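A short worksheet on the structure shown next.
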Amino acid sequence: MKPTIAPFPAARPRRARQSPAIRGLVRENTLTADDLIWPVFVREGTNQEEPVPSMPGVMRRSVDLTVKAAKEAWDLGVPAICIFPYTDPSLKTEDCAEAWNPDNISNRAIRAIKDAVPEMAVMTDVALDPYNINGHDGYVENGEIVNDRTVEALVKMTLAQAEAGADIIGPSDMMDGRIGAMRSALEAEGHQNVMILSYAAKYASACYGPFRDAVGASGALTGDKKTYQMDPANSDEAMRLIERDLNEGADMVMIKPGLPYLDMCRRAKETFGVPTFAYQVSGEYAMIQAAALNGWIDGEKIMLESLLCFKRAGCDGILTYFAPEVAKRLNG
Ligand code: PBG
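Positions in the sequence shown are counted from 1; adding 9 to them yields our numbering.
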């Protein structure tokens, strides 16, 4: 469709911007608390809360305080929470066995949240990096990230999370064949209703640094993740990966990072028309907070504007560290 516009003065597009009431009437997209998934970092202990230095405003919390924070977020209208573990270095091993321990910190947090706030949707992360001595999402053999053996481990991890009560499994590992393997295992073990939100188009981005600090993987990581995460230069490839993951049984797909990749959000939504999410990642969060703390930008306005832009780009929802903040603002 070619847009046509009547010549001035018949058309004065500014008429549609003249007052809050009129602007509200013609507004095409809205951000609501329903759109938000809140990523949180969980650590050992009780009554423990420590700030993540590279993510001002973000905490690592023990399970009890994570439950309390989840309840508060739910009460503000945030429908979903995503659990990331800060794993004690002593639990990181070559075989990553802690990843599928039914009592690891993530699985305990899932159970505790489902116990206290059963209606809240709990999402997980599936990748070996928090448990791997070398910080990679997959097993490393002779300096290479091996695919199929990693997928077997990821399936065990998935089942342990489903057993603990997870509603949405979030594979962030970028191995090949993992969605199909997870889907069959979930079906076979009676978890037909567990959803998979695939990190289908996850780029090898420099925006994940603060997250790696938060989960304690920064020091551990040797090399980079370019043999499994996508090249930021590519767009068609993302479409192929999304199509593949949907065919293998993913219910929803994600583009990651967020703001610099809005073209991918739009393209994915238009091509597939499935529930599409973006992850406003740690580096994006840190950039906004750092500039706001310096008084260089209005942090609150940028927070709301950036999240609204995801909706305009076609996203159904956003993973964002701002979730409770935003929900508070949208309520008020
Ligand atoms: C782990 C994982 C990462 C993020 C989510 N899951 C880091 C990575 O791939 O190195 C990043 C999230 C963020 O930066 O906020 N596989």
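Glycine residues also receive a C-beta, built at the ideal position from the N, C-alpha and C atoms. The structure presented is a predicted model; accordingly, all values stated were derived computationally and were not measured.
Which partner residues does ARG26 have in the DSSP bridge list?
Looking at the DSSP assignment, ARG26 forms no beta bridge with any residue, so it has no partner.
Handout entry: 6 Å Cβ shell around GLN57 - same chain, five flanking residues per side excluded
Key = SER71
* Test item: CB-CB of ALA259 and VAL67 under 8 Å -> no
| Based on the DSSP secondary-structure assignment, which residues constitute the bridge partners of ASN141? | THR102
Checklist entry - Nearest CA to the CA of ASN151: which residue from ALA336, THR55, ALA295, THR231? => result THR231
*Taking just the CA atoms, how far does ILE92 sit from PHE50?*
6 Å
Query raised in the report: Tell me the DSSP bridge mates of LEU328?
Result: ILE46, TYR288
One or two residues paired with CYS91 in a DSSP bridge = PRO48, MET132
message = Output needed for MET312: all residues of its chain with C-beta closer than 6 Å, excluding positions within five of it in sequence on either side, in chain order.
response = PHE331
Should ILE122 go down as buried or exposed, given a rule of 16 or more other Cβ atoms within 10 Å for buried?
buried
Using CA atoms only, rank isn't needed, just tell me which of THR102, ILE188, GLU172 is closest to GLY179.
ILE188
Exercise for the section: Kindly list the residues whose CB is nearer than 8 Å to the CB of GLU279, restricted to its own chain and excluding five residues on each side of it in sequence; keep chain order. Expected result: GLY323
Closest to ASP272 by CA distance: which of ALA210, LEU255, ALA215 is it?
-> ALA210
>> Between which residues of its own chain and ALA300 is the CB-CB distance below 6 Å, once the five residues before and five after are set aside?
In response: ILE306
task = Could you tell me if LEU34 is buried or exposed, where buried requires 16 or more neighbouring beta carbons within 10 angstroms of its beta carbon?
result = exposed
| With distances taken from CA atoms, which of MET183, GLN201, GLU53, ARG276 is nearest ASP240? | MET183
Inset, instruction - Note the first and the last residue of the continuous beta strand (DSSP E) segment covering ILE154. - result: 153-155
### Message
Between GLY292, PRO94, MET248, PHE220, which has its C-alpha nearest MET132's C-alpha?
### Response
PRO94
* Asked: Is the closest heavy atom of ligand 1 to the C-beta of ASP254 under 7 Å?
  -> no
Practice prompt. Evaluate the contact criterion for the stretch 212-219 versus the stretch 287-295: three or more CB pairs, one atom per stretch, below 8 Å.
Written response: yes
Checklist line | CB contact flag (ILE90, ALA173, <8 Å) | finding: no
- Item | heavy atom of ligand 1 below 7 Å from ASP240 C-beta | no
| message | My output table needs one value for MET183: the three-state DSSP class, helix, strand or coil. | response | coil
Beta-carbon proximity check, THR234 vs ALA213, cutoff 8 Å:
Looking at the sequence provided, one finds Lys at residue 234 rather than Thr. Yes, the Cβ-Cβ distance between LYS234 and ALA213 is below 8 Å.
Straight-line gap, ARG52 to LEU45 (C-alpha atoms, nearest Å): 23 Å
Notebook entry, point to check: Do the stretch 158-172 and the stretch 192-200 make contact, defined as three or more Cβ pairs closer than 8 Å?
Noted result: yes
(Q) Here's a check: name, in chain order, each residue in its chain whose Cβ is nearer than 6 Å to the Cβ of GLU59, leaving out the five neighbours to either side. (A) ARG69
Q. Roughly how many whole angstroms lie between the Cα atoms of THR41 and GLU334?
A. 12 Å
Note to self: Whole angstroms are fine: how far does the CA of SER291 sit from the CA of MET64?
What the structure shows: 7 Å
*Which of helix, strand or coil does DSSP assign to SER207?*
strand
Do you know offhand how far GLU81's Cα is from ASP112's? 25 Å
Subject >> Any non-hydrogen atom of ligand 1 within 7 Å of PHE286 CB >> reply: no
Exercise for the section: Within the same chain, show all residues whose beta-carbon is closer than 7 Å to that of VAL283, passing over the 5 residues directly before and after it, in chain order. Expected result: LEU255, MET261, VAL262
Can you name the residues that DSSP bridges to LYS265? LYS211
Do LEU85 and ALA336 have their beta-carbon atoms positioned less than 8 Å apart in this structure? yes
Could you check what DSSP says for PRO60 in three-state terms: helix, strand or coil? strand
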